[in-house]
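Enquirer:
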Amino acid sequence: MEKRIIFGRNPILEAIKSDTQVIEKIYHLDGLDKEGRRILQMIRDKEIYHEKLDKHEIFNKCQSKQHQGFVAETASIRNSSLNRIYENKKQGLRIIVVPQIQDPQNLGALIRHCEHFAIDLLVVGVKGSCDIQLGSVAKTSAGAIEHMPVLSSSRIEKVLDELREKDFFIYGLESKAKKSILEVKHDSKDNVCLVLGSEGFGLKEATLNHIDSIISIPREGRVNSLNISGATLTGVLWLKGWLKN
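Using my numbering, the letters of the sequence shown map in sequence onto residues 5 to 249.
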């Protein structure tokens with residue numbers, strides 16, 4: 005079993021609550037506060053192996069000061085299946101595709117947005133992206149990664165072709181596109197995919213060749229300052245039909 009290290013209270017709480025996650029060990033500090041003791045009692049109730057460490061040992065386990073007194077060894081995040089998700093629903097699916105994302109904090113925030121608004125699947129490119137198994141990704145996602153279906157793929161264009169075969173209309177979010185995201189409407193029964201460009205570079209030509217239409221987020225301020233996390237949140241609200249002109 006491949007392992008990963010996660011740290012922080014929310015990530016570990018969500019891993020405990022998850023129906024699919026396997027937790028091998030949890031390490032904790034002594035002298036926990038009331039909330040920490042509550043989490044420790046949950047760990048005991050679930051009969052998860054746990055061990056008390058000092059602050060130096062805890063830090064060495066996760067290499068982060070953001071552990072909040074808890075570090076865990078868990079199984080790796082499982083890759084979701086596009087076919088399984090499609091077979092379970094078939095209509096009204098909403099999918100986000102990010103071919104490349106390098107910053108773990110941005111990836112964690114992106115996962116958090118997608119899970120909060122019940123996006124059906126997040127597809128993340130492997131090449132040029134940070135490792136989705138990083139503890140910092142789980143920490144920034146506040147544990148949402150334990151519940152969000154994620155497909156990591158080294159062949160994004162192939163995934164887009166498979167989506168098209170399943171009657172998805174594929175939009176690309178591109179700052180240079182003339183058509184605003186606010187001008188585009190879709191039915192609740194439509195299968196819709198939104199592809200976001202990589203940080204600082206936008207959508208690559210190879211990806212654009214597999215997209216049906218490109219759209220942009222309108223800007224009213226002077227600076228085009230949305231990072232990929234902010235763009236994703238806007239895109240998610242649009243996919244859910246909650247973004248109004």
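Even glycine gets a Cβ: it sits at the ideal position worked out from N, Cα and C.
1. In chain order, what residues of the same chain have a beta carbon less than 7 Å from the beta carbon of G250, not counting five sequence neighbours either side?
2. Would you mind reading off the limits of the alpha helix (DSSP H) that contains T211?
3. Tell me the residue span of the alpha helix (DSSP H) that contains F63.
4. Give me the residue from W246, L114, F74, K182 with the minimum Cα distance to T144.
5. Just the C-alpha distance for I20 and T211, rounded to the nearest angstrom, thanks.
6. From the DSSP output, in three-state form, read off H54 for me.
7. Bridge partners of C197, per DSSP?
8. Take C134 and list the residues in its own chain whose beta-carbon comes closer than 8 Å to its own, dropping the five residues that flank it on each side.
9. To the nearest angstrom, report how far apart S156 and A235 are at their CA atoms.
10. Under 8 Å, with one C-beta from each stretch per pair, do the stretch 218-235 and the stretch 181-194 reach the 3-pair mark?
11. Quick check on this structure: which residue in L241, P103, I52, E150 has the alpha carbon closest to the alpha carbon of S257?
12. Using the C-alpha atoms, what's the distance from K244 back to S84?
13. In the DSSP assignment, what are the bridge partners of G206?
14. Taking the alpha helix (DSSP H) that I9 belongs to, which residues open and close that run?
15. Suppose contacts are defined by Cβ-Cβ distances below 7 Å. Is E203 in contact with I232 by that definition?
16. Secondary structure at S140, three-state DSSP: helix, strand or coil?
17. In the DSSP output, what is G129 paired with across the bridge?
Expert: Reading off the structure:
1. With the chain running from 5 to 249 in the structure shown, residue 250 is simply not present.
2. As a first step, residue 211 is located in the sequence shown; it is residue number 207 there, counting from the start. Here the alpha helix (DSSP H) through T211 covers 209-212.
3. Taking the sequence shown and counting its residues from 1, the one referred to as residue 63 is at position 59. Looking at the DSSP string, the run of the alpha helix (DSSP H) that includes F63 is 59-66.
4. If you number the sequence shown from 1, residue 144 lands on position 140. Of the candidates W246, L114, F74, K182, the one whose C-alpha sits nearest the C-alpha of T144 is L114.
5. In the sequence shown, residue 20 corresponds to position 16, counting from 1. In the sequence shown, residue 211 corresponds to position 207, counting from 1. For the pair I20 and T211, the Cα-to-Cα distance works out to about 38 Å.
6. In the sequence shown, the residue the question calls residue 54 occupies position 50. Strand.
7. In the sequence shown, counting from the first residue as 1, residue 197 sits at position 193. Answer is I99, I174, bridged to C197.
8. One-based indexing of the sequence shown puts residue 134 at position 130. Closer than 8 Å at Cβ, skipping near neighbours: I105, Q106, D107, P108, L111, V141.
9. Within the sequence shown, residue 156 is the residue found at index 152, counting from 1. Within the sequence shown, residue 235 is the residue found at index 231, counting from 1. Taking the straight line from one Cα to the other gives about 20 Å.
10. Touching, per the Cβ criterion.
11. In the structure as shown, the chain starts at 5 and stops at 249, and residue 257 therefore has no counterpart that could be examined.
12. Within the sequence shown, the letter at position 80 stands for residue 84. Within the sequence shown, the letter at position 240 stands for residue 244. Straight-line Cα distance between these residues: approximately 21 Å.
13. Walking along the sequence shown from the start, residue 206 turns up at place 202. S202.
14. As a working mapping, residue 9 is identified with position 5 in the sequence shown. Here I9 belongs to no alpha helix (DSSP H); instead the beta strand (DSSP E) covers 7-11.
15. On the sequence shown, position 199 is the one that residue 203 refers to. On the sequence shown, position 228 is the one that residue 232 refers to. Taking 7 Å as the Cβ cut-off, E203 and I232 qualify as a contacting pair.
16. Walking along the sequence shown from the start, residue 140 turns up at place 136. Helix.
17. For the purposes of this step, residue 129 is identified with residue 125 of the sequence shown, where counting begins at 1. Per the DSSP secondary-structure output, G129 pairs in a beta bridge with S157.
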